[in-house]
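*Asks:* Structure incoming, see below.
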Amino acid sequence: MFRTALLSAMLALAGYAAAAWLTHDFQVWTAEGARRLEVALQPVPSPAVEVDGPGTAPQALSLVLADGQSVTLVDFVYTRCQTVCLAMGSSFQQMQRALQERGGKVKLLSISFDGGHDTPDVLRAYATRLSADPALWQFVRARDLQGTQRLLADFQVVVVPDGRGDFEHNAAFLVIDQQGRLVRIFDYAEQQLALDYAQHLAGAAAPSP
Amino acid sequence: MKAIKMPAVPSRGAMAGTALALLCLLAWPGVRHNLEASMTRHMLLQYPLLMLAGYLFAAALPGRWRARLGLWNAHGISGLFAVALMLAVLMIPRVLDLALVDGRIEVLKYLALLACGAAIHLSWQAAGLLVQGFFLGNALPMMAVVGNLYESSPLRVCNAYLLDDQARLGQMLVWISAAIAAAWFAWLVRALMQRDAAALSGDAAAATEPTAH
Chain H
0 MFRTALLSAM LALAGYAAAA WLTHDFQVWT AEGARRLEVA LQPVPSPAVE VDGPGTAPQA
60 LSLVLADGQS VTLVDFVYTR CQTVCLAMGS SFQQMQRALQ ERGGKVKLLS ISFDGGHDTP
120 DVLRAYATRL SADPALWQFV RARDLQGTQR LLADFQVVVV PDGRGDFEHN AAFLVIDQQG
180 RLVRIFDYAE QQLALDYAQH LAGAAAPSP
Chain C
0 MKAIKMPAVP SRGAMAGTAL ALLCLLAWPG VRHNLEASMT RHMLLQYPLL MLAGYLFAAA
60 LPGRWRARLG LWNAHGISGL FAVALMLAVL MIPRVLDLAL VDGRIEVLKY LALLACGAAI
120 HLSWQAAGLL VQGFFLGNAL PMMAVVGNLY ESSPLRVCNA YLLDDQARLG QMLVWISAAI
180 AAAWFAWLVR ALMQRDAAAL SGDAAAATEP TAH
């Protein structure tokens, strides 16, 4: 009986340790929660992936993101999307309006993970449809499938085909700092927070007189 | 307690062979990907099948080993406690996502589920009604609560799975936990009735010492 009690106590400790590790000390229960927490604790450098898009000649994503001056808000989209991306698109439209009014060194970037379909021309039409201001809001895609996969893997974006021709994905606003590092992820319901955070980050690096 | 009538008919070798074949099948990449492509199949087919393989492995253990393990598992307490703990951890949504992208987690998940099945085999009979009831009283409500969360969450708890899949899994977890509870309760009533009947007939036949179960 003593041995049973001892083993049970050890099992309880092991179970606690496993659960604590999995949930980052009982803070997160989902992979998405863990992803957001891990990014906040440890920024992720932008992957070495070649991208292009309307107004963006083929170049490394890090060059697009790390201009040393502005903070970038990134979302992942595909132009055939009928659901979440539409909401994100309208969020970016609102953010664009706010940025046009307030100014500040924040840019918007929509990255398509459907690069096979979303060629620069398709993206240009999409941008026009959303009345994107090219000075503030760019659209790019990775130029090949490996690039897309690398990009999704590094930023932990999981895309699941839903069997009806659409994709489900963990949509969010990604805040990329001036050095091109992913520093924070906000839920797509937290649009204002994401924008405020990005503006704060941009202001902190280059305080306006 | 009345066990299954022919305990020795499938030989230990056959049990081990079946368990090994089942494990190989479940570890086969094609089968694994298919089962893991859906959240429902992942949790409601792959999990129980791995537990079944573990259960068969334990059934193939020589009696000597089982006796030795039994020293650490009085009344099946540590075994069933381990099962409750492992299932609780394995039902954390992050595990499902991690298992898909991290091979180490996947291996640990397989091992834990095999261990669950083995522990159930090694502990269930020894546990008796009281410990069994305590174990189920913990594990089944946990399963139902998890199921209810999955079913009612407006958000996807796993990045790799779709919302309707998750809701279906949640619903089925609730139903399965209820079904296991009902089945165990029916079995409990039957066992108690048989025990009473045996005690009565024992008293009537001869007023010798009552047999303890």
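If you read the protein sequences in the order shown, they are chains H and C. So for the first sequence, numbering that gives the first Met the number 0 puts the first residue at 0; every next one is plus one. So for the second sequence, numbering that gives the first Met the number 0 puts the first residue at 0; every next one is plus one. C-beta atoms are modelled at their ideal positions from N, C-alpha and C, and glycine is treated no differently. Remember, predicted model here, so these are calculated numbers, not experimental data.
(1) Reducing DSSP to helix, strand and coil, say where Q193(C) ends up.
(2) Taking C-beta pairs closer than 7 angstroms, name the residues in chain C that R123(H) reaches, listed in chain order.
(3) DSSP three-state label for E150(C), please.
(4) Might you give, ordered along the chain, the residues of its own chain that have their beta carbon closer than 8 angstroms to the beta carbon of A39(H), omitting 5 neighbours on each side?
(5) For F56(C) and A18(C), which I take to be in contact (beta-carbon distance under 8 angstroms), what is that distance rounded to the nearest angstrom?
(6) For M90(C), which residues of its own chain have a beta-carbon under 7 angstroms away from its beta-carbon, when the five flanking residues on both sides are left out?
(7) In this structure, does DSSP put H168(H) in helix, strand or coil?
(8) Nearest chain H C-beta to I175(C) closer than 7 angstroms, yes or no?
(9) Measuring alpha carbon to alpha carbon, tell me which residue in H32(C), A182(C), R167(C) is nearest N147(C).
(10) Output the distance between the C-alpha atoms of R63(C) and L121(C), rounded to the nearest integer angstrom.
(11) Alpha helix (DSSP H) containing G67(H): first to last residue?
(12) Closer than 7 angstroms, Cβ to Cβ, to anything on chain H: give me those residues from the stretch 42-76 of chain C, in chain order.
(13) Look at the alpha carbon of Q190(H) and the alpha carbon of L68(C), and state the distance between them as a whole number of angstroms.
(14) Please list, in chain order, the chain C residues whose beta carbon lies closer than 7 angstroms to that of Q147(H).
(15) Can you tell me which residues form a DSSP beta bridge with Q58(H)?
(16) Check distances from the C-beta atoms of the stretch 13-28 of chain H to those of chain C and list, in chain order, the residues that come in under 9 angstroms.
(17) Could you please tell me which residues of the stretch 110-127 of chain C, in chain order, have their CB closer than 7 angstroms to any CB of chain H?
(18) Please classify D202(C): does DSSP put it in a helix, a strand, or coil?
(19) Considering Cα atoms alone, identify which of R93(C), D163(C), A73(C), G136(C) is closest to E150(C).
(20) Kindly say whether E167(H), judged by its beta-carbon, lies nearer than 7 angstroms to any beta-carbon of chain C.
(21) I want to see whether chain C comes within less than 7 angstroms of S111(H), judged by CB atoms only; does it?
(22) In the DSSP output, what is V105(H) paired with across the bridge?
(23) Any beta carbon from chain C within less than 7 angstroms of S90(H)'s own beta carbon?
(24) Say whether chain C places a C-beta atom closer than 7 angstroms to the C-beta of M87(H).
(25) Let's test the definition: count the other Cβ atoms within 10 Å of the Cβ of V48(H) and tell me whether it reaches 16, buried, or not, exposed.
(26) For Q198(H) and P133(H), I'd like the C-alpha separation in whole angstroms.
(27) Tell me which residues share the same chain as A26(C) and place their Cβ nearer than 8 angstroms to its Cβ, disregarding the 5 neighbours each side in the sequence.
(28) Taking a cut of 7 angstroms between CB atoms, which residues from the stretch 89-100 of chain C lie near chain H?
(29) Of the residues V130(C), A177(C), R194(C), A98(C), which one's Cα is nearest the Cα of Y46(C)?
(30) Taking a Cβ distance cut-off of 9 angstroms, strictly less, list which residues of the stretch 126-156 of chain C are near chain H, in chain order.
*Replies:* Here's the rundown:
(1) Mapped onto the second sequence, residue 193(C) falls at position 194. Here Q193(C) carries a helix assignment [DSSP, helix/strand/coil].
(2) Counted from its first residue, the first sequence places residue 123(H) at position 124. The premise fails here: R123(H) is roughly 30 angstroms from chain C at the closest Cβ pair, so nothing lies under 7 angstroms.
(3) Position 151 of the second sequence, counted from the first residue, corresponds to residue 150(C). In the structure shown, E150(C) adopts helical secondary structure according to DSSP, grouped into three states.
(4) By 1-based counting over the first sequence, the position of residue 39(H) is 40. These residues qualify, in order along the chain: V182, R183, I184.
(5) Translated into the one-based positions of the second sequence, residue 56(C) becomes position 57. Translated into the one-based positions of the second sequence, residue 18(C) becomes position 19. That belief holds up - the Cβ atoms of F56(C) and A18(C) are roughly 4 angstroms apart, short of 8 angstroms.
(6) Position 91 of the second sequence, counting from 1, holds the residue named residue 90(C). So the qualifying residues of the chain are V145.
(7) Taking the first residue of the first sequence as 1, we reach residue 168(H) at position 169. Looking at H168(H) - three-state DSSP - the assignment turns out to be strand.
(8) As a first step, residue 175(C) is located in the second sequence; it is residue number 176 there, counting from the start. Using a Cβ-Cβ cut-off of 7 angstroms, I175(C) does not count as an interface residue toward chain H, since no Cβ of chain H sits closer than that to its own.
(9) Position 148 of the second sequence holds residue 147(C). Nearest C-alpha to N147(C): R167(C).
(10) As a working mapping, residue 63(C) is identified with position 64 in the second sequence. As a working mapping, residue 121(C) is identified with position 122 in the second sequence. Straight-line Cα distance between these residues: approximately 13 angstroms.
(11) Here residue 67(H) is taken as the residue at index 68 of the first sequence, counted from 1. Membership of G67(H) in any alpha helix (DSSP H) is not indicated, and neither H nor E is assigned to it by DSSP.
(12) Those residues of the stretch 42-76 of chain C that come within reach of chain H (Cβ to Cβ, closer than 7 angstroms) are L70, W71, N72, A73, I76.
(13) Start at 1 with the first residue of the first sequence, and residue 190(H) comes out as number 191. Start at 1 with the first residue of the second sequence, and residue 68(C) comes out as number 69. Spanning the alpha carbons of Q190(H) and L68(C) requires a straight line of approximately 56 angstroms.
(14) The count along the first sequence starts at 1 and reaches residue 147(H) at position 148. Looking at the sequence itself, residue 147(H) is Thr, so the reference to Gln does not match. Simply none; closest approach about 16 angstroms.
(15) Start at 1 with the first residue of the first sequence, and residue 58(H) comes out as number 59. Beta-bridge pairing by DSSP links Q58(H) to V50(H).
(16) Here the close residues are A13, G14, Y15, A17, A18, L21, T22, V27, W28.
(17) Cβ contacts with chain H come from no residue of the stretch 110-127 of chain C.
(18) Indexing the second sequence from 1 puts residue 202(C) at position 203. It is helical.
(19) Mapped onto the second sequence, residue 150(C) falls at position 151. With distances taken between Cα atoms, E150(C) lies closest to D163(C).
(20) As a first step, residue 167(H) is located in the first sequence; it is residue number 168 there, counting from the start. True, the Cβ-Cβ gap to chain C drops below 7 angstroms.
(21) Position 112 of the first sequence holds residue 111(H). Chain C, which has no Cβ nearer than 7 angstroms to the Cβ of S111(H), makes this no.
(22) Here residue 105(H) is taken as the residue at index 106 of the first sequence, counted from 1. According to DSSP, which records beta bridges pairwise, V105(H) is partnered with V70(H).
(23) Looking up residue 90(H) in the first sequence gives position 91. Chain C has no Cβ within less than 7 angstroms of the Cβ of S90(H).
(24) Counted from its first residue, the first sequence places residue 87(H) at position 88. Closer than 7 angstroms: no.
(25) Here residue 48(H) corresponds to residue number 49 of the first sequence, with the count starting at 1. The residue is buried, with at least 16 neighbouring Cβ atoms inside 10 Å.
(26) For the purposes of this step, residue 198(H) is taken as residue 199 along the first sequence, with counting starting at 1. For the purposes of this step, residue 133(H) is taken as residue 134 along the first sequence, with counting starting at 1. In this structure, the CA atom of Q198(H) is about 19 angstroms from the CA atom of P133(H).
(27) Here residue 26(C) refers to the residue found at position 27 when the second sequence is read from its first residue. Result list for A26(C): Y109, in chain order.
(28) Answer set for the stretch 89-100 of chain C: I91, P92, R93, V94, D96, L97.
(29) As a working note, residue 46(C) is residue 47 in the second sequence. Proximity to Y46(C) across V130(C), A177(C), R194(C), A98(C) peaks at A98(C), based on C-alpha coordinates.
(30) Within the stretch 126-156 of chain C, L154, R155, V156 place their CB atoms closer than 9 angstroms to a CB of chain H, listed in sequence order.
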